[in-house]
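Number 902 in full-length UniProt numbering belongs to position 902 of the sequence shown; there are no gaps in the numbering.
We put the CB at the ideal spot given by N, CA and C, even for glycine.
Structure first, then comments.
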Amino acid sequence: MSNLPKKTKEVIRRKLVIVGDGACGKTSLLSVFTLGYFPKIPTVFDNLVTDIRIDNRPVQLALWDTAGQEEYERLRPLSYSKAHVILIAYSVNQPDSLENVAAKWIEETNNLCPGVPVILVGLKKDLREDPNAIEEMERNGLSFIDTKQGEEMAQQIGARKYIECSALTGENVDAVFEAASRAALLIRDKEPGEKYLEVDKPANFLRETLKEMEEIDATGILKCVDQHMVDTYNAISAAAKLGAYRLLHFEEMPQQWQENPYIRSGYRFLSTKRACLESIFYLHNETCNIWSHLLGFMFFLGLGIYTFNTHLMHATIFDKLAFGIFFIAAAKCLVCSVMYHVFIHCAHIPVMKCAATFDYIGISLLITASILITEYYSFYCSPLVRCFYMIFTSLAGLVPIMCSILFKWWDTKPYRLYRVGMFVMLGSSGIFPLAHLMHLHGVVHVWHFVNPIISSIAAYLTGVWIYANRFPERKWPGKLDRFGIHSHSVWHVFVCVAHKYYSTTTSSSDLLIQKKIKPLDGIRVLELGQVIAGPFCASILGYFGAEVIKIEPPKSGDPLRIWRHLDKDGCSPWFRSLNRNKKSCEINLRADEGRKLIRQLADRSDVLIENFKPGTMEKWGLGPEELYKSNPSLIYTRVSGYGQNGPYATKPGYASVCEGMAGFRYINGFPGGPSVRPNMSLGDSVAGLTAALGVTMGLLAKNKLANTSKSVTGQVVDVAIYESMFNMMEGILPEFDRFGEIRQPSGTTLTGIVPTNAYPCSDNKYVIIGGNSDGIYKRLMRTAGREDLATPEYETNKERVIHKDLIDGAISDWTRTLTAKEVVEKLENAGVPTGLIYNIEDFVYDEHVKARGILEVVRVERRGKTEKSGSKAGSNSRGDIDDDGWDLTVPAIAPKLEGTPGETLWAGPDLGQHNREIFYDILELNEGRIKELQASGVIGETI
């Protein structure tokens, strides 16, 4: 507000009338504003016209003072004629003057000036800090009227604004008249003959609005003389008229929509839906709100399409549905918010209320969908628990949605706290499944679960803080209004960033149980095996997504736990590697109660793996025939030395013995010498791999049967170690069958193929050279400088076999002159297959191995268990070890699947680490039953 320049255009004339009890300070207020001084003695204020400027508009403001004494009751009403705004004043040190505001002055104002906006002013604010005034008030047993009392009175009488000021100090004097002037500008000049309470010539949108508000009858007359309705109509009429040509100031807005006093200007007030839509493309204080949501919607749409075509290409239908619900909810929330901010402050109230309803529905859907997708992966392997939480959350999400649809008052200003509270409670409901998860798996598991979305939560909370503190407009009021940069729009940006983080982590990272889509997701495997063969089969299945429950004897566990070197917790790294991705559960299979638990687990599983001596499972009542009675679709996998039938079936089946029977040991070694054993249990690993192949084929067959009219049945997968090894013996059997030839040991060569051998080098290392094909052989001889051996006499493998010793000798003579690396470099340049013989250290540091990513590092969480007997725990340990655990490198399990890769999620578990989860969640045992079984040694302790 400023003084009016000499050159003006279309001066707007407005009349202000101030009323209130006598001696409350009305005249002093007018004197300070117009004349610039405070009258020290009581005086009479002559009515005066002053020129001011509001938002660059010239305004001529006529100020009318009135007397509050009773003797002026008959003269005072003359002052009200054609008033545009009324100031009702009281003194903060005169409680009676505040009581008269409601008892006298508002009634008089409504009778004489219905519909004229009212400003309530508390005068003599400075006396609250005046010692003399305070002493006098206390002496008279009175107390000052505080700000809260004044605000309550303003709300009671329907005042447009409440301001406290001091004429003596000048505090807030200008603010009083600026607010009054802005209120006066909203009242249109009445045309001749117009009746104030009639809606005789309203615009179509106003007539429709009032009809839908059920406040106007068919003739266009208001049903009742309701002050609030009159104020609303006049405010809408005037603001819409002004808003058609320019942006409005905060004080020019209808009081119902004055929410943030720090946003001073830039308000739209548009009469039609078309005008609202056109406003998307010019600057005002909703521009940033609209475009942050609109760009956010386009971003989420693109992100959703990208995610579904990359990360979710091979996902299950339910996984796709879970992500789809989240993306649709996020997109819908953003679209609904765009609609709300486009149509907010629209004079067509039903349109604005409809947009607000859609906005609240969108917010409800987004909060609900965010919790649903968290619950979906929190209890991915517990369908019943997951179903319960998701149903509960869906029903809770319906509550604010139904409130938005059914209750017309839901979007109004008085119920804002109820809306906020409802949304906060809905979002807080996500704490319950996390608390349940913490109860089942502990704090560490939940932390790893929540950690990927910490960035999302931080971004959202930052946005909430900014919105609650109204930053930056509180710090710089009105400075950024034109661009719409204020707390609401900044909050929108942070919300978009938060949901970008959230959607990214849920779709492409290791959020929740590191959930990437794998071929065996949803398959539960019950492993009863020990040591290598059975456990390796289960390890392969677990690596590619199956849930593997490893059953171990209480207290002792799998014998492999204490083989060779032990870590700081007394467990073999070999065990940690071979039993990755498994859940350890202690159950005594030799106890009747323990076998009952196994039957219950088998009923809840898709695959069972055991590698006991044939007949053991039948003796325990756990054979296929028994288990098929309650779970006919079970894939029952049995690994043994010699198979489940035949004369040797019951013989002990160690891999080394089975390798000998398969003929593998016979052909390994040098002619005339003893059999040579590889320094590993090859037969067990090959049998485990064969068993895993059998399981997957069994599952595939079951799946095919499920798609036909035939009943779904499982089958027994019978794997013998000696047969698995014999399958690797290539052409030995057909050669014997056709020619009677018994293949003999051949040392470092391969019988019938020349040259293929290990050749010595000058650095005492060996290289493998395979010159098998005719073309490669010629390149090899030329590189070695022996073109005399590349003649037609040695052209084919048949001739080379005859001259094997000559050729191998010539190659050895050449390699001995070079280091191993030099030999490899020369032969690779010539296109001859060759390579070094690696030890494990060479392998780990090879650049190709690193590039292929076949070495995986997994964290071993230390749980503080005591060292077990056997080899010294932690002997020859390497790497960094702290109180929390250490990193362990393990080999990735082949093959590499591009679309649905396997991965190591955790190292082999501590003994009984998952007892609690399995006993409570899967077997659903109660606390008393668990303690009873623990006391009898049937199960292990719950960790």
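Problem - Straight-line gap, residue 897 to residue 773 (C-alpha atoms, nearest Å) - result: As a first step, residue 897 must be located in the sequence shown, where it is residue number 897. As a first step, residue 773 must be located in the sequence shown, where it is residue number 773. Approximately 31 angstroms between the Cα atoms of the pair.
Handout entry: With 16 other Cβ atoms within 10 Å as the buried cut-off, status of residue 420
Key = If you number the sequence shown from 1, residue 420 lands on position 420. Residue 420 should be labelled exposed.
Exercise for the section: Please say whether residue 89 and residue 121 have beta carbons closer to each other than 7 angstroms? Expected result: Residue mapping note: residue 121 aligns to position 121 of the sequence shown, counting from 1. Residue mapping note: residue 89 aligns to position 89 of the sequence shown, counting from 1. Yes, they are a contact pair.
Practice task
Give the secondary structure of residue 320 by DSSP, where H, G and I count as helix, E and B as strand, and everything else as coil.
Solution key: Here the question's residue 320 lines up with position 320 in the sequence shown. Reduced to three states, the DSSP call for residue 320 is helix.
Handout entry: Classification of residue 19 by the beta-carbon crowding that lies within 10 angstroms, buried from 16 upward
Key = Numbered from 1 along the sequence shown, position 19 holds the residue referred to as residue 19. Buried, because 16 or more other Cβ atoms sit within 10 Å of the Cβ of residue 19.
Exercise for the section: Let me know the alpha helix (DSSP H) ranges lying completely inside the segment 520-602, each 4 residues or longer, listed in chain order. Expected result: 533-543 and 573-578
Practice task
Going by DSSP, name the residue or residues bridged to residue 638.
Solution key: To locate residue 638, count along the sequence shown from 1; it is residue 638. Residue 638 pairs with 610 and 718.
Exercise for the section: For the alpha helix (DSSP H) containing residue 426, list its first residue and its last residue. Expected result: As a first step, residue 426 is located in the sequence shown; it is residue number 426 there, counting from the start. Taken as a continuous stretch (DSSP letters only), the alpha helix (DSSP H) holding residue 426 covers 416-428.
Problem - Local Cβ density within 10 Å of residue 11, reported as buried at 16 or more and exposed below that - result: Counting from one through the sequence shown, the residue named residue 11 turns up at place 11. With fewer than 16 Cβ atoms within 10 Å of its Cβ, residue 11 is classed as exposed.
Practice task
Would you give the residue range spanned by the alpha helix (DSSP H) that residue 110 belongs to?
Solution key: Taking the sequence shown and counting its residues from 1, the one referred to as residue 110 is at position 110. Note, residue 110: alpha helix (DSSP H), 106-112.
Handout entry: Neighbourhood of residue 334 by C-beta distance below 7 angstroms, restricted to the same chain and skipping five residues each side
Key = As a first step, residue 334 is located in the sequence shown; it is residue number 334 there, counting from the start. For residue 334, where only same-chain residues beyond five positions count, the Cβ hits under 7 angstroms are 293, 296, 297 and 300.
Exercise for the section: Under the assumption that residue 903 contacts residue 885 (Cβ atoms under 8 angstroms), give the Cβ distance between them as a whole number of angstroms. Expected result: In the sequence shown, the residue the question calls residue 903 occupies position 903. In the sequence shown, the residue the question calls residue 885 occupies position 885. With a Cβ gap of about 19 angstroms, residue 903 and residue 885 do not count as contacting.
Handout entry: Pair within 7 angstroms by beta-carbon distance, residue 526 and residue 608
Key = Taking the sequence shown and counting its residues from 1, one reaches residue 526 at position 526. Taking the sequence shown and counting its residues from 1, one reaches residue 608 at position 608. Their beta carbons are under 7 angstroms apart, which means residue 526 touches residue 608 by this criterion.
Problem - Contact between the segment 55-67 and the segment 15-30 (3+ Cβ pairs under 8 angstroms) - result: Taking one beta carbon from each stretch, the segment 55-67 and the segment 15-30 have 3 or more pairs nearer than 8 angstroms; the two touch.
Problem - Opposing strand residues paired with residue 859 [DSSP bridges] - result: Start at 1 with the first residue of the sequence shown, and residue 859 comes out as number 859. Partner(s): 887.
Exercise for the section: Pull up the DSSP beta-bridge partners for residue 835, would you. Expected result: Stepping through the sequence shown from its first residue, residue 835 is reached at position 835. DSSP lists 768 as partners of residue 835.
Problem - residue 770 beta carbon less than 7 angstroms from that of residue 833 - result: Stepping through the sequence shown from its first residue, residue 833 is reached at position 833. Stepping through the sequence shown from its first residue, residue 770 is reached at position 770. Contact: yes.
Problem - Length-filtered (3 minimum) beta strand (DSSP E) runs lying within the segment 18-61 - result: 48-54
Practice task
Quick one: measure Cβ to Cβ for residue 279 and residue 478, integer angstroms, because I've assumed they're closer than 8 angstroms.
Solution key: Numbered from its first residue, the sequence shown carries residue 279 at position 279. Numbered from its first residue, the sequence shown carries residue 478 at position 478. In this structure, residue 279 and residue 478 do not form a Cβ contact; the two beta carbons are roughly 20 angstroms apart against a cut-off of 8 angstroms.
Handout entry: Residue closest to residue 379, alpha-carbon to alpha-carbon, out of 360, 82 and 921
Key = Numbered from 1 along the sequence shown, position 379 holds the residue referred to as residue 379. Cα-wise, what sits closest to residue 379 is 921.
Problem - Bridge-paired residues (DSSP) for residue 923 - result: The residue labelled residue 923 in the question sits at position 923 within the sequence shown. Answer is none; residue 923 lacks a bridge partner.
Handout entry: Cα-Cα separation between residue 686 and residue 928, rounded to whole angstroms
Key = As a working mapping, residue 686 is identified with position 686 in the sequence shown. As a working mapping, residue 928 is identified with position 928 in the sequence shown. Each residue's alpha carbon lies about 44 angstroms from the other.
Handout entry: For residue 555 and residue 909, the rounded distance between their alpha carbons
Key = One-based indexing of the sequence shown puts residue 909 at position 909. One-based indexing of the sequence shown puts residue 555 at position 555. Their Cα atoms are separated by approximately 14 angstroms.
Practice task
Kindly provide the ranges of any beta strand (DSSP E) runs that are 3 or more residues long and lie completely inside the segment 75-139, ordered along the chain.
Solution key: 85-91 and 118-123
Practice task
Could you check the C-alpha separation between residue 177 and residue 60 for me, to the nearest Å?
Solution key: Within the sequence shown, numbered from 1, the residue matching residue 177 stands at position 177. Within the sequence shown, numbered from 1, the residue matching residue 60 stands at position 60. Cα to Cα, residue 177 sits roughly 12 angstroms from residue 60.
Handout entry: residue 162 vs residue 151 beta-carbon contact at 7 angstroms
Key = Indexing the sequence shown from 1 puts residue 162 at position 162. Indexing the sequence shown from 1 puts residue 151 at position 151. Yes.
Problem - One or two residues paired with residue 64 in a DSSP bridge - result: In the sequence shown, counting from the first residue as 1, residue 64 sits at position 64. Note: residue 64 sits in a beta bridge opposite 17.
Exercise for the section: Return the CA-CA distance between residue 373 and residue 841, expressed in angstroms with no decimal places. Expected result: Position 373 of the sequence shown, counted from the first residue, corresponds to residue 373. Position 841 of the sequence shown, counted from the first residue, corresponds to residue 841. If I take the Cα positions, the gap works out to 44 angstroms.
Exercise for the section: Measure the C-alpha to C-alpha separation of residue 431 and residue 324 and round it to an integer number of angstroms. Expected result: On the sequence shown, residue 431 is found 431 positions in, with the first residue counted as 1. On the sequence shown, residue 324 is found 324 positions in, with the first residue counted as 1. C-alpha separation (whole angstroms): 23 angstroms.
Problem - Alpha-carbon spacing of residue 791 relative to residue 783, whole angstroms - result: Along the sequence shown, read from residue 1 onward, the residue named residue 791 stands at position 791. Along the sequence shown, read from residue 1 onward, the residue named residue 783 stands at position 783. Rounded to whole angstroms, residue 791 to residue 783 spans 14 angstroms at the Cα level.
Practice task
Indicate the three-state DSSP secondary structure (helix, strand or coil) for residue 945 in the structure shown.
Solution key: This structure cannot speak to residue 945, because the chain is shown only from 1 to 943.
Exercise for the section: Starting from the Cα of residue 402, find the closest Cα among 153, 357 and 309 and give me that residue. Expected result: For the purposes of this step, residue 402 is identified with residue 402 of the sequence shown, where counting begins at 1. Ranking the options by Cα distance to residue 402, first place goes to 357.
Practice task
Under 6 angstroms Cβ to Cβ from residue 691, same chain only, skipping five residues before and after it: list those, please.
Solution key: Within the sequence shown, residue 691 is the residue found at index 691, counting from 1. So the list reads 537, 637, 639 and 719, once near-sequence residues are dropped.
Practice task
Go ahead and pull the three-state DSSP assignment for residue 288.
Solution key: Residue numbering aside, residue 288 sits at position 288 when the sequence shown is read from its first letter. Note: residue 288 maps to helix in three-state DSSP.
Problem - Rounded separation between residue 362 and residue 424 - CA only - result: Within the sequence shown, numbered from 1, the residue matching residue 362 stands at position 362. Within the sequence shown, numbered from 1, the residue matching residue 424 stands at position 424. Their Cα atoms are separated by approximately 15 angstroms.
Problem - Buried/exposed call for residue 369, threshold 16 Cβ in 10 Å - result: Here the question's residue 369 lines up with position 369 in the sequence shown. That one is buried.
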